[in-house]
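What follows is one structure encoded as structure tokens, with my remarks underneath.
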Amino acid sequence: MNSRLDLSFVVSYRHQIFFTENAFAVKNTILKELVGVAKVLPIIDAGLVATSPAVVSELIEYAKAHQIKLTRAPIILTGGEECKKDQTVVNAVLAAIEEDAICRHSYVLVIGGGALLDAAGFASSIAHRGVRLIRMPSTTLSQADAGVGVKNGINAFQKKNFTGTFSPPYAVINDFAFLKSLSPKNLRDGLVEAVKVALLKDPEFFKSLEKDSRELAAGNLTLISACIRRSAELHALHITQGGDPFELGSSRPLDLGHWVAHKCETLSKYRLSHGEAVAIGLAVDVLCARELGLFSKSESERVIDLLVRLGFQLYTPELEINHGDSLMQGLEEFREHLGGQLTLILPTVIGQSTHVHSLSSEVVKKVTAELGHRFSSSCAVLS
Ligand SMILES: NC(=O)c1ccc[n+]([C@@H]2O[C@H](COP(=O)([O-])OP(=O)(O)OC[C@H]3O[C@@H](n4cnc5c(N)ncnc54)[C@H](O)[C@@H]3O)[C@@H](O)[C@H]2O)c1
Ligand SMILES: [Zn+2]
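Heads up: the sequence shown begins at 1082 in the working numbering, then just goes up one per residue.
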């Protein structure tokens, strides 16, 4: 005799994101209030330590002043895409969680760029089936996007984020003081996720990016911080109110340009950073939207102009490897990562978008040829 229990249940999450400056100044109590008397395993990105060595002692002094129970001196781990290339960093974090007896009521505190947050966050989400993670993103891109999301992961089988989990962090602390040590390239990278989310959701924000483009490109930290604040807010609002935080459907409504970006990152063996690749991906997608008659020529040129004014290069030879066929594989990989029907998001006007379920190689190749024609010489000069 067959029988069936068909039950449903709801789990609610809280998504706490703090914006501050100098989180380790003793008078700043955000971190202290979050962790209380629980144990904290601290992990810091080696790239941040290389340019701001004081961050290590500042955290230790802060912990002493507030009687925070750091389980050890901060572990300094390789950051950048290198830390997602295999299990090394994930295993190091797992081993530290085990050695320091971090339980589900203790915290892993990770300070770093999006790549280290992804790798350490993945380890934290599988140790004991999930221990509490506090992220302190230290790059523009991780503060504007990666750090405020609910995804973790590392790369495998030449595919971005193949191994990973959905696991909301316990809290995120965006400390704008970290941005002071970023290279001009890393400082610029995060602006592209702001352009993306403004283009999809907020025409006024897009206009403000256009207005401030010169100062943003010049590295004005006040304007960059404001831009990160709005970008992080739009990403977090989408996750918490968009109806599909764990991407159970077939659409990733914030992933404009990302099918191209992920493929170009992999094809370039990560010479291209995520931010640089997303800029190229946005250029491809807006021109495809124009070709499909979805998006006007004048608005597509506004997007291209903004990206150029912010200092992004909009062409890379990876677009045309194997006459563009390698890039086209990225479309199927993007579909497979989500499952279901191919669903791309493309802009219709600045601030609004629509879904499309196919994109022909003729259109993509036409557009990449156009980008080559318009931008390959500046790419050669700049690189
Ligand atoms: N989980 C998500 O939702 C999500 C979203 C977007 C992007 N990502 C991922 O984020 C990664 C990109 O992150 P990113 O742009 O932050 O780059 P990154 O993490 O690769 O960092 C870039 C470089 O900056 C160094 N660094 C970090 N902080 C620094 C500081 N304050 N000063 C000087 N150097 C510093 C790092 O060591 C690294 O060498 C990609 O792997 C991408 O796939 C994840
Ligand atoms: Zn991205």
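Beta carbons are placed, not taken as given, at the ideal position from N, Cα and C, and that holds for glycine.
None of the values given here were measured: they were computed from a predicted structure.
- A straight line joining the alpha-carbon of E1380 with that of S1331 spans about 27 Å.
- K1241: member of the beta strand (DSSP E) spanning K1240 to T1244, first to last residue.
- A1299: not part of any alpha helix (DSSP H); DSSP gives it neither H nor E.
- Bounds of any beta strand (DSSP E) do not take in N1233, whose DSSP letter is neither H nor E.
- K1108 has its alpha-carbon roughly 44 Å from the corresponding atom of C1345.
- Under the three-state reduction of DSSP, T1435 is assigned to strand.
- With a cutoff of 7 Å on beta-carbon distance, A1360 and L1388 are scored as near each other.
- With respect to R1310, F1100 sits close: the two C-beta atoms are nearer than 7 Å.
- Within the same chain, and ignoring the five residues on either side of L1140 in sequence, the residues whose Cβ sits closer than 7 Å to its Cβ are F1105, P1123 and P1155.
- In the three-state DSSP reduction, R1153 falls in the coil class, being neither helix nor strand.
- In the structure shown, F1456 adopts helical secondary structure according to DSSP, grouped into three states.
- In the DSSP assignment, K1120 falls within the unbroken beta strand (DSSP E) covering K1120 to D1126.
- Burial state of S1084 is exposed, judged by a 10 Å Cβ sphere holding fewer than 16 other Cβ atoms.
- Assignment of A1106 by DSSP, reduced to helix, strand and coil, places it in the coil class.
- Membership of R1213 in the beta strand (DSSP E) is indicated by the continuous run R1213 to P1218.
- The stretch 1206-1223 and the stretch 1247-1259 touch, with three or more beta-carbon pairs separated by less than 8 Å.
- Taking 6 Å as the cut-off, the C-beta of V1118 does not count as close to any heavy atom of ligand 2.
- Residue environment: Y1094 is assigned as exposed (fewer than 16 neighbouring CB atoms within 10 Å of its CB, all protein chains considered).
- The Cβ-Cβ distance between I1149 and I1125 does not fall below 7 Å.
- In the DSSP assignment, T1101 forms a beta bridge with D1256.
- Taken atom to atom, the span from the alpha-carbon of G1421 to that of Q1239 is near 21 Å.
- Rounded to the nearest whole angstrom, the C-alpha separation of L1423 and S1441 is 12 Å.
- Between S1223 and G1194, the CB-CB gap stays under 7 Å.
- The C-beta distance from T1169 to A1127 rounds to 13 Å, too long to meet the 8 Å contact threshold.
- In the pairwise beta carbon analysis, the stretch 1450-1457 is classified as touching the stretch 1395-1408: at least three pairs are separated by under 8 Å.
- Its Cα nearest to that of S1457, the residue F1393 stands out among L1408, E1417 and F1393.
- CA-to-CA, the gap between I1098 and E1382 works out to about 34 Å.
- Under the DSSP assignment, V1189 falls in the beta strand (DSSP E) whose first and last residues are Y1188 to G1193.
- 7 Å or more divides the Cβ of I1431 from the Cβ of L1337.
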